[in-house]
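Undergrad:
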Amino acid sequence: MRAVKIQILTIFPEMCGAILGGSILGRAREKGLAALEAVDLRRWTEDRHRTTDDAPYGGGPGMVMKIGPIDRALGELRTPGSKVVFLSPQGRTLTQAIATELADESHLILLCGHYEGVDQRVSDHLVDDEISIGDYVLTSGVLPALVLADAVVRLLPGVLGDSRSAVEDSFVAGCLDHPHYTRPENYRGWLVPGILLSGNHEAIKKWRAEKSAEATRTKRPDLMQAVAVTAGRSGGRP
Ligand code: 9D3
Numbered sequence: 074m075r076a077v078k079i080q081i082l083t084i085f086p087e088m089c090g091a092i093l094g095g096s097i098l099g100r101a102r103e104k105g106l107a108a109l110e111a112v113d114l115r116r117w118t119e120d121r122h123r124t125t126d127d128a129p130y131g132g133g134p135g136m137v138m139k140i141g142p143i144d145r146a147l148g149e150l151r152t153p154g155s156k157v158v159f160l161s162p163q164g165r166t167l168t169q170a171i172a173t174e175l176a177d178e179s180h181l182i183l184l185c186g187h188y189e190g191v192d193q194r195v196s197d198h199l200v201d202d203e204i205s206i207g208d209y210v211l212t213s214g215v216l217p218a219l220v221l222a223d224a225v226v227r228l229l230p231g232v233l234g235d236s237r238s239a240v241e242d243s244f245v246a247g248c249l250d251h252p253h254y255t256r257p258e259n260y261r262g263w264l265v266p267g268i269l270l271s272g273n274h275e276a277i278k279k280w281r282a283e284k285s286a287e288a289t290r291t292k293r294p295d296l297m298q299a300v301a302v303t304a305g306r307s308g309g310r311p
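In my numbering, the protein residues as written are 74 to 311.
Here's what the structure looks like:
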């Protein structure tokens, strides 16, 4: 059994509690598959006010996170096999492929920024990887760190009840899912497609593949290249 240690380094560790203790991540912890922990960056401050930010050199609005507490924290948390990931709007955008890559690590330290930014020397000298979760503005790196932890932990063998789910990810990542239905068969006249009630498993499999391809083509044509590759065809040709 392979266990992954994930430490979220932040000045707001209390933001992480419900997520790290909740459903899937909580179960992964209980099963001993993942050790998830929010670590308070203020432990490494050295002044009475536990200061983690300061005014920017060159002037301007807002505050900048200081390098000192971050350097001391990482100096203590790092291990020979650890990887420090800085959640930042300047990072490479998180994808399923990156989640898979990080799920192979044994110790992730997720560094979260707050305020207007973090001293550039942190990115330049102290981190191994820099990741964004997309092009929209959040107030800190804490939610991105939790998103990343969730994407990674669900990939660990044994975390999802159904081992098939994670295996199918390689496909799901390149193609939208087919529609799902459950009881009742008729809700206010809105019917479940008859084929799903037919018991014909070959036909159902084919219908789902077609629905999946159709949804991808109409809603996410940008994914079609990946679908063609996944299906073993070349260069997105039909
Ligand atoms: C006014 C300064 N901002 C320019 C738009 C810079 C800024 C600094 C810090 C914007 C957001 C943040 C806080 N966000 C993150 O630390 C963050 C983030 C995000 O906002 N969106 C997507 N992924 C990420 S990863 C970390």
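Where is the CB? At the ideal position from N, CA and C, for every residue including glycine.
I need the DSSP call for Arg123, collapsed to helix, strand or coil.
TA: The count along the sequence shown starts at 1 and reaches residue 123 at position 50. Correct three-state label for Arg123: coil.
Undergrad: Could you tell me the distance, in whole angstroms, from the CA atom of Lys292 to the CA atom of Leu233?
TA: As a first step, residue 292 must be located in the sequence shown, where it is residue number 219. As a first step, residue 233 must be located in the sequence shown, where it is residue number 160. Roughly 28 Å between the two C-alpha positions.
Undergrad: Which residues mark the beginning and the end of the beta strand (DSSP E) in which Leu150 is found?
TA: As a working mapping, residue 150 is identified with position 77 in the sequence shown. No beta strand (DSSP E) holds Leu150; the alpha helix (DSSP H) holding it covers Ile140 to Leu150.
Undergrad: For the region 179–238, list the alpha helix (DSSP H) runs that are entirely contained and at least 4 residues long, ordered along the chain.
TA: You should have 193–198 and 215–226.
Undergrad: Which of the three DSSP states, helix, strand or coil, is assigned to Ala288?
TA: Within the sequence shown, residue 288 is the residue found at index 215, counting from 1. Helix.
Undergrad: Between the Cα of Ala107 and the Cα atoms of Asp126, Leu228 and Val195, which residue gives the shortest distance?
TA: Numbered from 1 along the sequence shown, position 34 holds the residue referred to as residue 107. Selected option, being the one with the closest Cα: Leu228.
Undergrad: Between Thr298 and Thr124, what straight-line distance do the alpha-carbon atoms span, to the nearest angstrom?
TA: Here the question's residue 298 lines up with position 225 in the sequence shown. Here the question's residue 124 lines up with position 51 in the sequence shown. The amino acid at residue 298 is misidentified as Thr; the sequence shows Gln. Their backbone Cα atoms lie some 49 Å apart in a straight line.
Undergrad: Return the CA-CA distance between Val158 and Asp120, expressed in angstroms with no decimal places.
TA: Taking the sequence shown and counting its residues from 1, the one referred to as residue 158 is at position 85. Taking the sequence shown and counting its residues from 1, the one referred to as residue 120 is at position 47. For Val158 and Asp120, the distance between alpha carbons rounds to 27 Å.
Undergrad: Let me confirm a value: Asp192 is counted as buried when at least 16 other C-beta atoms fall within 10 Å, else exposed. Which label applies?
TA: Taking the sequence shown and counting its residues from 1, one reaches residue 192 at position 119. By the neighbour-count rule (16 or more Cβ atoms within 10 Å), Asp192 is buried.
Undergrad: Name, in chain order, the residues that DSSP records as bridge partners for Trp263.
TA: For the purposes of this step, residue 263 is taken as residue 190 along the sequence shown, with counting starting at 1. BP columns for Trp263 point to Tyr260.
Undergrad: Suppose you measure from the CA of Ser196 to the CA of Leu296; what does that come to, to the nearest Å?
TA: Within the sequence shown, residue 196 is the residue found at index 123, counting from 1. Within the sequence shown, residue 296 is the residue found at index 223, counting from 1. Ser196 and Leu296: Cα-Cα distance of roughly 31 Å.
Undergrad: Between Thr212 and the ligand 9D3, is the CB less than 7 Å from at least one heavy atom?
TA: For the purposes of this step, residue 212 is taken as the residue at position 139 of the sequence shown. It does: the Cβ of Thr212 is within 7 Å (strictly closer) of some heavy atom of the ligand 9D3.
Undergrad: Nearest to Ile171 by CA position, among Ile84, Pro252, Asp223 and Arg100, is which residue?
TA: Translated into the one-based positions of the sequence shown, residue 171 becomes position 98. When each option's Cα is compared against that of Ile171, the closest is Asp223.
Undergrad: Is Arg75 helix, strand or coil when you go by DSSP?
TA: Taking the sequence shown and counting its residues from 1, the one referred to as residue 75 is at position 2. Coil, per DSSP.
Undergrad: Would you please state the rounded distance, in angstroms, between the beta carbons of Ile143 and Leu184? I believe it to be under 8 Å.
TA: For the purposes of this step, residue 143 is taken as the residue at position 70 of the sequence shown. For the purposes of this step, residue 184 is taken as the residue at position 111 of the sequence shown. That pair is a contact at about 7 Å.
Undergrad: Exposed or buried, what is Val112 when buried is set at 16 or more other beta-carbons lying within 10 Å of its beta-carbon?
TA: By 1-based counting over the sequence shown, the position of residue 112 is 39. Looking at its Cβ environment, which holds 16 or more other Cβ atoms inside 10 Å, Val112 is buried.
Undergrad: Please state the DSSP three-state secondary structure of Ile84.
TA: Within the sequence shown, residue 84 is the residue found at index 11, counting from 1. Coil.
Undergrad: On the DSSP bridge list, what partners appear for Leu160?
TA: Here the question's residue 160 lines up with position 87 in the sequence shown. Leu160 pairs with Cys185 and Ile204.
Undergrad: What is the residue span of the alpha helix (DSSP H) that Ala91 lies within?
TA: Stepping through the sequence shown from its first residue, residue 91 is reached at position 18. Here the alpha helix (DSSP H) through Ala91 covers Gly90 to Gly94.
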